[in-house]
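Asks: Quick one: structure below, then a few questions.
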Amino acid sequence: ELIRFCSQNKLPLDFISWHAYSSDPKAEKEKTPYGHIASYLIREWLSYFQMDKNTPLVIDEWNYDKGSNVLEERREKSHISATYIFSRLKNMQEAGIDYQVFFSLEDFYNMQKGVIRNVGVFLYEQQDNEEKAAPKLIYNIFKVLKNLGSQVYTPAVKKESEFVGIIFTRNSDNNYTIVAYNYIDPEVMRNYLSRNVSTLNEQERNSLVGIIKSDRLPKISSKEIAISSLEVESKVKVMLNTALELHERYQKFITANRDVKISIKNLKGKFKYLKYVLDSSCSLDCGFTFNEEKEIDAGQLYEEVLSLKPYSLNMIVLEKKPAEPLVSAVSLAENQTSEAGIKNITTTELANISVEANQTVLPENITAGAAVNNTVNLTNQTQ
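Numbering (our numbering), first residue to last: 8 to 390.
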């Protein structure tokens, strides 16, 4: 209606914005009754009404939320909301969202009205006329984001992992950042149903909504009620079975580390390697220092397996080291270095970058000790 109104009255439309609070990192990928996600549909409507199809789409308020004003995931266990932020932002970018505003900077306290919401990047409390403030682990997520380069490479994943994700970027200085995260949606069953309910017809939707509003969904997740025993349409049963499978994966991975294999090769030169880890070991007033530092020769194959705890994030920063100084003319003469040899030293060549991330998945038919590898390949031509 907004787009139609602006079109009919020749009014400018500078941007389209909305709020989106959720624990679902894929909230922007919710399907509409038209079979497309909302951002795609909005741009089609803009085009239909002869308005700018590239009008910015802005989520001007969002945060981790499960319906309560105060959540431990936003304080004592802020590593949960911290990893959620990174997963959500990645999905926003994939969904075509142009801008977003995380709300808010500090926890919200209104003592006169008795309203308290611990939604902040910074903890803020008022007790007995005293104030307390401190950065949550969420603050460090924004430091991670600051390290990302402007060139983002999307991996071609052979088999998607529901919870583990990886991002690879390069900046203008030819420094590289690899981020691997493990966010396990605690409401993955309900969120999957919410994202897909619009694909059902009216009768099917009523059946599913009736189950969600009743006490049957928790009993389905605990298998107290068998899906096959429900008197609902077959399409609803299929959707419930998929949601139940996701819930079972959540239960499996909520206590299990996930292995991500990183392979780096064909980068020209040597790099300083810095690794940062954000996890449950600290949720409040945490420092931001690297856990490991070393030098790697990226011209050779470098491999590493990152072990991601539940609700954790690993960031690897590769800072290009200055080229070795050229040897003196005397040294060249003594070593009988040819003119061609000097040319090989000073000529800049193109190199391939390949990052392979193997995300451990534990299907139903194997044990926790086994693993099936999913390969992520990212390739780029760079100097």
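Glycine included, every Cβ here is placed at the ideal spot set by N, Cα and C.
#1: Report the CB separation of S75 from P32 in whole angstroms; it is logged as a contact under 8 Å.
#2: Along the alpha helix (DSSP H) that carries Y257, what are the first and last residues, could you check?
#3: Which term fits A34, buried or exposed, when burial requires 16 or more other beta carbons within 10 angstroms of its beta carbon?
#4: Mark I360 as exposed unless 16 or more other C-beta atoms lie within 10 angstroms of its C-beta, in which case mark it buried.
#5: Go through its chain and collect everything with a Cβ distance to E68's Cβ below 7 Å, but skip five positions before and after it.
#6: Exposed or buried, R265, counting other C-beta atoms within 10 Å across all chains shown (16 or more means buried)?
#7: In terms of residues, what are the limits of the beta strand (DSSP E) holding A187?
#8: Does DSSP put L53 in a helix, in a strand, or in coil?
#9: Per DSSP, which one or two residues make a beta bridge with S214?
#10: Mind checking which residues open and close the alpha helix (DSSP H) that includes Y146?
#11: I need the boundaries of the beta strand (DSSP E) containing Y41, first residue and last residue.
#12: Could you give the distance in angstroms between the alpha-carbon of R223 and the alpha-carbon of S241?
#13: Which residues bound the beta strand (DSSP E) around I271?
#14: Select from L253, I261, H254 the residue whose C-alpha is nearest the C-alpha of Y190.
#15: Can you tell me whether R82 is helix, strand or coil according to DSSP?
#16: Look at Y146 and A140 and say whether their C-beta atoms are less than 9 Å apart.
#17: So the candidates are V324, E331, A330, P329; which of them puts its Cα closest to the Cα of T176?
Replies: Straight from the coordinates:
#1: About 19 Å; that fails the 8 Å criterion.
#2: Its alpha helix (DSSP H) spans residues 241-260.
#3: Buried.
#4: Note that I360 has pLDDT 38, beneath the 50 cutoff, so the model's placement of it is unreliable and no number is given.
#5: Contacts found: H26, V108, F110.
#6: With 16 or more Cβ atoms within 10 Å of its Cβ, R265 is classed as buried.
#7: Element bounds for A187: 183-189.
#8: Here L53 carries a helix assignment [DSSP, helix/strand/coil].
#9: Note: S214 sits in no beta bridge, so no partner.
#10: Start and end: 144-154.
#11: Per DSSP, Y41 belongs to no beta strand (DSSP E) and is neither H nor E.
#12: Straight-line Cα distance between these residues: approximately 17 Å.
#13: 265-272 is the extent of the beta strand (DSSP E) around I271.
#14: Of the candidates L253, I261, H254, the one whose C-alpha sits nearest the C-alpha of Y190 is I261.
#15: R82: coil per DSSP, three-state reduction.
#16: No, these two residues do not count as a Cβ contact at 9 Å.
#17: It is V324 whose Cα lies nearest to the Cα of T176.
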